[in-house]
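Residue numbers (my numbering): 278 to 337. Backbone N, C-alpha and C fix where the C-beta goes; we use that ideal spot for every residue, glycine too. Bear in mind that the values here come from a model prediction, so they are computed numbers and not experimental data.
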């Protein structure tokens, strides 16, 4: 059991930027999206009984 490792991966993408939202009454909602510079960030790590093992982050 001490050698058991769970491997997990998660990622985010800037293409998923919200374009709508809430603003105070009478004000316009404004946001910024990185036009033409879409990026994906991926995080991979192993989890053992005693904590994280070999965390890694990459950006494409």
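Starting from residue i, follow its DSSP beta bridges and name the residues at the other end.
| i | result |
| --- | --- |
| residue 328 | 325 |
| residue 318 | 289 and 336 |
Where does the unbroken beta strand (DSSP E) through residue i begin, and where does it stop?
| i | result |
| --- | --- |
| residue 284 | 283-290 |
Name the residue from the options whose alpha carbon lies nearest to the alpha carbon of residue i.
| i | options | result |
| --- | --- | --- |
| residue 283 | 337, 309, 330 and 336 | 330 |
| residue 336 | 285, 298 and 290 | 290 |
| residue 223 | 334, 301 and 317 | Outside the displayed range of the chain (278 to 337) lies residue 223, so it cannot be described from this structure. |
| residue 321 | 333, 314 and 299 | 333 |
| residue 319 | 278, 286 and 309 | 286 |
| residue 309 | 303, 296 and 300 | 296 |
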